[in-house]
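To keep things clear, I will list the structure first and then write my remarks on it.
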Amino acid sequence: MDRGKPGSKMHVLSDANGLPLLVGVSAGNAHDSEGLKPMVEGHQTRHDPHRGRHFKPQRLHADKAYDRADLRKWLRGKRIGVRIARKGIESSERLGRRRWIIERTMSWLSGYRRLSPRYERDPRNYLAFLGLAAAICCYKRLVRLTT
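As structure tokens, then:
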């Protein structure tokens, strides 16, 4: 927990390839795990009318900061698989096979000068620039795949 830390934290929900699907901002002195529920609830599930099913996140990978029993139970209730490192039990090497993907995504977003360090006073403006950076990351990836 980062007690009394000034500033803000970026929360990013990405797909298996590292493309940012949803971004969020919280206070720097709030615990990381408090940003998980709004991120998952804010993610729009797609509905396929022909097959009659919804597409939702199947699995969630997170670090030890998100290791809370209430979050695990809440995610199981939403039928989302959980791969969260347990405090003091699992080593980070086992879960590190997938963690580099989100670390790379955070690096992509932090590479934009407007986001790091934070210049914006209003969190809505910062969130708008964060969303713009995420859209640019997706666009760059699309261009790279299609050319």
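If you read the sequence shown in the numbering used here, its first letter stands for residue 221, the second for the next number, and so on. Each residue gets a CB set at the ideal place from its N, CA and C atoms; glycine is no exception. Keep in mind that this is a model prediction, so the values were computed, not measured.
Taking a contact as a CB-CB distance under 8 Å, the pair VAL245 and TYR346 counts as one, their CB atoms being some 6 Å apart. The alpha-carbon of VAL232 is positioned some 10 Å away from that of VAL260.
In the assembly as shown, ALA354 is a buried residue. Its beta-carbon has 16 or more other beta-carbons within 10 Å. Positions of the beta strand (DSSP E) runs, each at least 3 residues long and wholly inside the stretch 278 to 327, are given as 279 to 282, 301 to 304 in order along the chain. The beta carbon of ASP235 is closer than 8 Å to those of LEU241 in its chain, skipping five residues each way along the sequence. Under the three-state reduction of DSSP, ALA247 is assigned to strand. Residue environment: ALA282 is assigned as buried (16 or more neighbouring CB atoms within 10 Å of its CB, all protein chains considered).
The beta carbon of VAL243 sits closer than 6 Å to those of VAL232, LEU350, GLY351, ALA354, all from its chain and outside the five residues before and after it, given in chain order.
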